[in-house]
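Enquirer: Numbering (this note's numbering), first residue to last: 1 to 190. Backbone N, C-alpha and C define an ideal beta-carbon position, used for all residues, glycine too. Because the structure is a prediction, the values reported are computed rather than measured. Okay, here's the structure, questions in a sec.
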Amino acid sequence: MPEPTPEPTPERLPIKISTTITRATDTEFEQGDQVGIYVVNEPASLQTTGNHVDNMRFTYSGNWEPDTPIYWKDKTTKADFYCYYPYETNISNIEAYYFPIKADQTSETNYKACDFLWGATKGMSPTEDAIGITAKHLMSSIIIRLIAGNGYREEDMRNATVTICGLKTGSYINLTNGVVTPDGDSEDIH
C-alpha cells in the first residue's frame with residue numbers, strides 16, 4: 001500500500017516592520033535601538049497579554065529584527081500594530097505604563113533615556129512588505145538656544161547651564177492610544 005501524500009503546510013508569512021520618527025530632536029533610530037511591538041488581529045483590541053504578538057523586542061541594525069521570528073495569523077486576517085520606544089521587558093499594564101523622567105539630563109545618555117516614542121498602524125492586510133509605523137515623541141522636547149547679547153558674551157554661553165523649574169518627573173502612558181498623564185514630584189530639570 002503506498003504512503004499517503006502529506007497535506008501541504010500553508011506557507012507562513014513573516015511580519016516585518018519599518019519605522020519613521022516625527023521631527024523633533026532625534027529624527028531616526030540608531031544602531032542597537034530597541035522597540036516593543038504588539039500585534040492585534042482585528043477585530044480585537046490591544047490587551048496587556050493575549051494579543052497575536054505581545055511586546056516583541058525588535059532591534060535596529062539597518063533593518064528591524066525581532067528576537068524571534070513572528071508571522072501573520074493567516075493570509076487574510078488584518079492586524080493592528082503598536083510600537084513604543086524604549087523597549088521594556090515587563091509591562092504589567094498597557095493602559096498605565098509608568099515612565100520615569102531623569103531630573104539630570106545634562107548627559108546625552110540621560111537625555112535619550114527620557115525620550116518616549118509611540119506609534120500605531122491599524123487595519124493592515126497581510127503582506128510580504130514591511131509594515132510602516134510612524135512613531136512620535138510623547139515627551140516635551142524643548143530646544144533652548146542661548147545667544148550672546150545684553151551683557152553676555154559667546155564664552156559665557158559655552159559654560160552656561162539651563163534649569164527648567166517645576167516639571168513632573170514621571171508619567172503614565174496609555175500604549176493603546178499614546179495619551180500621557182504626568183505624575184510624580186515636581187523637580188527642576190537640567
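Can you give me the start and stop residues for the beta strand (DSSP E) that T163 sits inside?
Expert: Premise fails: T163 is in no beta strand (DSSP E) and is neither H nor E.
Enquirer: Considering only residues of the same chain and omitting the five flanking positions on each side of M157, which have a CB-CB separation below 8 angstroms?
Expert: Around M157: L146, I147 and A148.
Enquirer: Assign T59 to one of three DSSP states: helix, strand, or coil.
Expert: Three-state result, T59: strand.
Enquirer: Hey, could you find the ends of the alpha helix (DSSP H) K112 is sitting in?
Expert: Run containing K112: E108 to A113, per the alpha helix (DSSP H) assignment.
Enquirer: As a quick exercise: from G178, W72, V53 and G32, pick the residue whose alpha carbon is nearest that of R12.
Expert: Of G178, W72, V53 and G32, the residue nearest in Cα terms is W72.
Enquirer: Three-state secondary structure (DSSP) at I91?
Expert: Here I91 sits in coil by DSSP.
Enquirer: Comparing C-alpha positions only, which one of E187, Y97, W64 and I131 sits nearest to I164?
Expert: Ranking E187, Y97, W64 and I131 by Cα distance to I164 puts E187 first.
Enquirer: In angstroms, rounded to a whole number, what distance separates the CA positions of P126 and P182?
Expert: Going from the Cα of P126 to the Cα of P182 covers about 37 angstroms.
Enquirer: According to the Cβ coordinates, are K102 and W118 closer than 8 angstroms?
Expert: Contact flag unset, no.
Enquirer: With Y97 as the anchor, note down where its beta strand (DSSP E) starts and where it stops.
Expert: Segment Y97 to P100, the beta strand (DSSP E) holding Y97.
Enquirer: With a CB to CB cut of under 7 angstroms and the five nearest residues on each side skipped, what residues in its chain are close to D104?
Expert: Counting only Cβ-Cβ distances below 7 angstroms, and skipping sequence neighbours, we find N110 and H190.
Enquirer: Leaving out the 5 sequence neighbours to the left and right, which residues in its chain are closer than 8 angstroms to T176 when beta-carbon positions are compared?
Expert: Within the same chain, T176 has close Cβ partners S45, L46, Y82, I94 and E95.
Enquirer: Could you tell me if Y152 is buried or exposed, where buried requires 16 or more neighbouring beta carbons within 10 angstroms of its beta carbon?
Expert: Y152 is exposed by the Cβ-count criterion.
Enquirer: Quick one: residues in its chain with C-beta nearer than 7 angstroms to the C-beta of Y38, no 5 flanking neighbours on either side, listed in chain order?
Expert: Closer than 7 angstroms at Cβ, skipping near neighbours: L46, N51, V53, D54, N55 and Y82.
Enquirer: Please classify D33 as buried or exposed, where buried requires at least 16 neighbouring CB atoms within 10 angstroms.
Expert: Burial call: buried.
Enquirer: Residues in its own chain within less than 7 angstroms of I144 by CB, not counting five upstream and five downstream?
Expert: V162.
Enquirer: Roughly how many angstroms lie between the CA atoms of D185 and V40, to the nearest whole one?
Expert: Straight-line Cα distance between these residues: approximately 35 angstroms.
Enquirer: Where does E155 fall in DSSP's three states?
Expert: Here E155 sits in helix by DSSP.
Enquirer: Take F58 and list the residues in its own chain whose beta-carbon comes closer than 6 angstroms to its own, dropping the five residues that flank it on each side.
Expert: Within the same chain, F58 has close Cβ partners V35, I37, W64 and P66.
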